[in-house]
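In my numbering, the protein residues as written are 49 to 143.
Okay, here's the thing in structure tokens:
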């Protein structure tokens, strides 16, 4: 089942500058991924009222030489924990 419930653009940041809404997210991206420091990342949020999806979800999107790539995390952008990021990245990279 696809849960694209109207993503709302929240802004764009350069990975080397970090995220103004989250003091640790840049560090976790550096710890778990090989994304380049100067990468531009777009931030989107969505809310879902269905029982089988997260109430709030954050999507981080970036461009690669193969097209757009993204990571979906089942929390609002300010509430992402290290475990949330790790599990989302692990799920993404295990497919």
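Note that CB positions come from ideal geometry on N, CA and C, so glycine has one too.
Taking the alpha helix (DSSP H) that residue i belongs to, which residues open and close that run?
i: residue 85; result: It is not in any alpha helix (DSSP H) - residue 85 carries neither H nor E in the DSSP assignment.
i: residue 132; result: 130-141
Thinking just about the alpha-carbon of each residue, which of the options is nearest to the one in residue i?
i: residue 90; options: 66, 103 and 113; result: 66
i: residue 73; options: 55, 107, 56 and 54; result: 107
i: residue 110; options: 69, 77 and 131; result: 77
i: residue 75; options: 116, 131, 140 and 139; result: 131
Which residue comes first and which comes last in the beta strand (DSSP E) that contains residue i?
i: residue 64; result: Premise fails: residue 64 is in no beta strand (DSSP E) and is neither H nor E.
i: residue 117; result: 115-121
Name the DSSP bridge partner or partners of residue i?
i: residue 108; result: 91 and 119
i: residue 56; result: 93
Just confirm the distance between the C-beta atoms of residue i and residue j, as a whole number of angstroms; I'd bet it's less than 8 Å.
i: residue 124; j: residue 104; result: 4 Å
i: residue 143; j: residue 92; result: Contact flag wrong, Cβ pair sits at about 20 Å.
With contact counted as at least three CB pairs below 8 Å, one residue from each stretch, are the stretch 95-104 and the stretch 76-86 in contact? No: the two stretches stay apart, fewer than three of their Cβ pairs being nearer than 8 Å.
Count the C-beta pairs between the stretch 56-70 and the stretch 113-122 that are closer than 8 Å, then say yes if the count reaches three, no if not. Remark: fewer than three beta-carbon pairs, one from each stretch, lie closer than 8 Å, so the stretch 56-70 and the stretch 113-122 are not flagged as touching.
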